[in-house]
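Asker: Just passing along the structure, written as structure tokens.
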Amino acid sequence: MKKNYIFKFILLLIPVSAFTLLSFSSGNPNALSGSPGDSGNNCTQCHSGTANNSNITITTNIPFTGYEFNTEYDITITNSGGGTRNGFQVTAEKDNDNSKVGTFISTSSDTQPAANDTRIIHTSSGNGQNSWSFKWRSPASEQGKITFYGSSVSGNGNFGSSGDQVFLGKSESSPSLSTKSFNALAFDLYPNPASNNLNIDLPNGAVSAKVEFYDYVGKLALRGEISPNNNNINVSDLSSGMYILKVITDNKIGSKKFIKQ
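Going letter by letter, the sequence shown gives residues -31 to -1, 1 to 230 in mature numbering (1 follows the signal peptide of the UniProt record, and there is no 0).
Okay, structure coming up:
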């Protein structure tokens, strides 16, 4: 009699498990992006294995100078880890306190916003691909630097959670674009053009700064850090051409054109 009850319980468990898996095939709206604001929770909550910080790229068309307020931008997450059935979740957070910022907008049937539009996930029609595109609307007021975080599953298509892989990734940190003069950083660079070493002089009071070089298509080509006592950047690895040099301190940002010989 006891064996009969066990057998019936197993039969009952099968459709329940199948329903759960099918539900998640259209995306899980819970906090699983792997971001600091989501306490690092990711798709391993439902899929076996460990999460790896690889195979994920999150790209945006936010200018290197920063995002404008209340403006829509294109965001794309790509999972290069393989898999026949894949899924994702992306969210955006402020760098200073990891609170959610902006809202997500679906542009196709492959994605859907979740959690009051503070995150975006795949749909059942979007789990057969490895790249998803959508829009993000920036906040209407100053929120500081933001970063996009994403978690993605590379599924093996066995309609279960075993044998899957989970990958984590994030975008470059993006500042806001403000027209207020006190946010503009004044700096000097020389020589320009340069072939090997570039000197960058910070204004008085600046302790240190991050330096980023962007090519003509907006791709980050080189980054470094400078200070008043160490203001030299080796640019010999850059290809010849024109770049936009961005210099960032804690509360200011400046940019100038730089030519690599």
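From the three backbone atoms N, C-alpha and C, an ideal C-beta is built for every residue, glycine too.
Hey, out of 183, 116 and 171, whose CA is closest to residue 201's CA?
Answerer: Answer by Cα proximity: 171.
Asker: Under a Cβ-count criterion, where at least 16 other Cβ atoms within 10 Å of its own Cβ denotes burial, should residue 144 be classed as buried or exposed?
Answerer: It counts as buried.
Asker: Short check: CB of residue 2 to CB of residue 81, under 8 Å?
Answerer: No; because the gap between Cβ atoms is not below 8 Å, this pair is not in contact.
Asker: Could you please give the first and the last residue of the uninterrupted beta strand (DSSP E) stretch that includes residue 215?
Answerer: Here the beta strand (DSSP E) through residue 215 covers 210 to 217.
Asker: Based on the DSSP secondary-structure assignment, which residues constitute the bridge partners of residue 207?
Answerer: BP columns for residue 207 are empty, so no partner.
Asker: Select from 13, 38, 211 and 32 the residue whose C-alpha is nearest the C-alpha of residue 111.
Answerer: For residue 111, the nearest C-alpha among the options comes from 38.
Asker: At 3 residues or longer, what runs of the beta strand (DSSP E) sit wholly inside the stretch 71 to 113?
Answerer: Qualifying beta strand (DSSP E) stretches, in chain order: 72 to 74, 80 to 83, 88 to 91 and 100 to 106.
Asker: Just how far apart, CA to CA, sit residue 193 and residue 74?
Answerer: Rounded to the nearest angstrom, the two C-alpha atoms are 34 Å apart.
Asker: Keeping to the same chain, check which residues put their C-beta closer than 8 Å to that of residue 224; ignore five residues upstream and five downstream.
Answerer: Around residue 224: 33, 34, 213, 214, 215 and 216.
Asker: For residue 56 versus residue 121, is the C-beta spacing smaller than 8 Å?
Answerer: Contact flag set, yes.
Asker: By Cβ distance below 6 Å, which residues in the same chain neighbour residue 205 in space, the five residues on each side in sequence not counted?
Answerer: Closer than 6 Å at Cβ, skipping near neighbours: 165.
Asker: Let's test the definition: count the other Cβ atoms within 10 Å of the Cβ of residue 53 and tell me whether it reaches 16, buried, or not, exposed.
Answerer: Residue 53 should be labelled exposed.
Asker: Select from 9, -4 and 30 the residue whose C-alpha is nearest the C-alpha of residue 187.
Answerer: Cα-wise, what sits closest to residue 187 is 30.
Asker: Whole-angstrom Cβ separation of residue 123 and residue 48, contact assumed at under 8 Å?
Answerer: Yes, they are in contact, since the Cβ atoms of residue 123 and residue 48 sit about 6 Å apart, within 8 Å.
Asker: Assign residue 209 to buried or exposed, taking buried as 16 or more other Cβ atoms, counted over all protein chains shown, within 10 Å of its Cβ.
Answerer: It counts as exposed.
Asker: For residue 36, count neighbouring Cβ atoms within 10 angstroms of its own Cβ and tell me buried if that reaches 16, exposed if not.
Answerer: With 16 or more other Cβ atoms within 10 Å, it is buried.
Asker: What's the C-alpha gap between residue 181 and residue 51?
Answerer: In a straight line, the C-alpha of residue 181 is about 32 Å away from that of residue 51.
Asker: Residue 76: which of -3, 97, 7 and 41 sits nearest, CA to CA?
Answerer: The option with the nearest alpha carbon to residue 76 is 41.
Asker: So what's residue 222 in DSSP terms, helix, strand or just coil?
Answerer: Here residue 222 sits in strand by DSSP.
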